[in-house]
Amino acid sequence: MALFKYEHIGTHTHLYIWKIEEEFDDLFDEIHLTDMNMIRLMSMKSVQHQRGFLSVRKLFQAAGYTDFDVTYDATGKPHLNDGHHISISHSHGFSAIMISDTTVGIDLELMREKIIRIADKFTSEEEEKYLDASDDNYVKILTVLWGVKESIFKIRNEIGISFKDHITTFAFDINSGIAHARLDFEDIHRHFEVKFQTIEDHMLVYAFETANEKAL
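The opening residue of the sequence shown carries number 45 in our numbering; numbering runs sequentially from there.
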């Protein structure tokens, strides 16, 4: 499978999505890894994880980069050597990267019923007020909420942030593809604009930090 989807978002943001259908050898072909990432790849116990890792490198190529253009800080956050911001996610059958002039976070999740069992671990009190377990879209909504929190965490990347206690997504229309969220952690108070879309049986969520609080 070649590049599954590309979107140019706004003026300076690019989204690349790969559908992972190839076997390991096909994905590995024409991929050049740093020594550290080669060791990392070969130490992965799951072939599925290896394929996800390699598909992300295919996306680097699609965006005009190589594995040597990306470095990771002590927390595991990726950085592009040319100063652009990058966020990475892969889950089961898809991988995605987002590259932008501004900070961005992206998350890709397979939508599964099992998320219901852990909902109380990551939903805030404010979110629980509008959640309805009888809603036909309950799993989809929960997956969006999880994706929002993952995306924001990838942007701020502060040790100690709790999905449940520190990140809240305001009530949203699941059909709109748009949400807004807030992070309150110690002396950090930030607001985020969030976009989401369904990619087959996955939910793609990405967030941007906004300068001003949205009027709600």
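Beta carbons: idealized from backbone N, C-alpha and C, even for Gly.
For the alpha helix (DSSP H) containing residue i, name the first residue and the last one.
i   : result
R84 : D79 to S87
D70 : F68 to F72
Measure the beta-carbon distance from residue i to residue j and round it to whole angstroms, keeping in mind my assumption that it falls under 8 Å.
i    : j    : result
V249 : V188 : 6 Å
L227 : R200 : 6 Å
I185 : I141 : The Cβ separation is near 25 Å, so there is no contact.
F197 : I205 : 6 Å
I150 : H128 : About 14 Å; that fails the 8 Å criterion.
K239 : I211 : Their Cβ separation, rounded to whole angstroms, is 16 Å, which puts K239 and I211 out of contact at 8 Å.
To the nearest angstrom, report how far apart residue i and residue j are at their CA atoms.
i    : j    : result
H134 : D117 : 19 Å
A46  : E65  : 9 Å
F68  : L103 : 15 Å
E172 : F138 : 29 Å
M86  : T213 : 38 Å
Y50  : I203 : 32 Å
I243 : S220 : 15 Å
M88  : M155 : 24 Å
H58  : E253 : 16 Å
L124 : R101 : 13 Å
D180 : I75  : 42 Å
S99  : F72  : 9 Å
T110 : F229 : 35 Å
S131 : V148 : 6 Å
H93  : K63  : 14 Å
G191 : M247 : 8 Å
H52  : A177 : 35 Å
K208 : Q241 : 23 Å
G54  : G120 : 27 Å
L260 : R234 : Interpretation of L260 is limited by its pLDDT of 34, a score under 50 that renders its predicted location unreliable; the figure taken from the coordinates is listed afterwards. Near 15 Å, if we compare the C-alpha coordinates of R234 and L260.
Q105 : E169 : 42 Å
Go ahead and label residue i buried or exposed: buried means 16 or more other beta carbons lie within 10 angstroms of its beta carbon, across all protein chains shown.
i    : result
S195 : buried
F236 : buried
A107 : buried
V91  : exposed
H56  : exposed
G96  : buried
Taking the continuous beta strand (DSSP E) assigned at residue i, which residues delimit it?
i    : result
H52  : L47 to I53
H21  : Any answer about residue 21 is impossible in this case: the structure gives the chain only from 45 up to 260.
H58  : T57 to K63
H246 : H246 to T254
When you compare the CB of residue i with every CB in chain C, is at least one pair closer than 8 Å?
i    : result
D217 : Absence of chain C from the displayed structure is noted, only one protein chain being present.
At what residue ranges does the region 91-161 contain a whole run of the beta strand (DSSP E), taking only runs of 3 or more?
Whole beta strand (DSSP E) segments, 3+ residues: 114-116, 122-124, 129-135, 138-144 and 148-154.
List in chain order: all unbroken alpha helix (DSSP H) runs of 4+ residues lying wholly within the region 162-186.
For the region 162-186, whole alpha helix (DSSP H) runs of length 4 or above, ordered along the chain, are 163-166 and 169-174.
In chain order, which beta strand (DSSP E) runs of at least 3 residues are fully inside the region 180-223?
With a minimum length of 3 residues, the continuous beta strand (DSSP E) runs that stay inside the region 180-223 are 211-213.
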